[in-house]
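Here the structure comes first, spelled out in structure tokens, and everything after it is commentary.
Residue numbers (the numbering used here): 1100 to 1230.
Structure, rendered in structure tokens:
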């Protein structure tokens, strides 16, 4: 039975997109080398298969360059992060953006500069919404 269609990339697809957002276009071998450097050493054929699936899903664009294909993202990082975040808010926090933000404040990974930046963004958003 096939896996249900996802509204956003799988973990491996996201890892590949991150590589290609940093630098593209890249050939299969370069993508594979980057994955291996990130601790994900996959067979060459597995990388080719995943890249081709991503082309079919319209996540990537593929073009021929001599004997190789070069791959580059068709979707922006901001679009993917928005979709994943929207899904997280809906599924985990019952659609409450407030609950997400409150959860972030409880996170130990926040330092003083993170809180300062969040304050700046909250102040900006508040000014934008005033009549």
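No residue lacks a Cβ here, since even glycine has one placed at the ideal position from N, Cα and C.
Just so we're clear, the structure is a prediction, and the values are computed from it rather than from any experiment.
Proximity to residue 1117 across 1218, 1172, 1167 and 1226 peaks at 1172, based on C-alpha coordinates. Counting other Cβ atoms within 10 Å of its Cβ, residue 1131 reaches 16 or more and is therefore classed as buried. Within the same chain, Cβ atoms closer than 7 Å to the Cβ of residue 1199 are found at 1188 and 1192, the five residues on either side in sequence being excluded. The continuous stretches of alpha helix (DSSP H) do not include residue 1137, and DSSP gives it neither H nor E. In terms of CA proximity to residue 1221, 1196 leads the group 1186, 1205, 1196 and 1112.
Residue 1177 and residue 1160 have their C-alpha atoms some 17 Å from each other.
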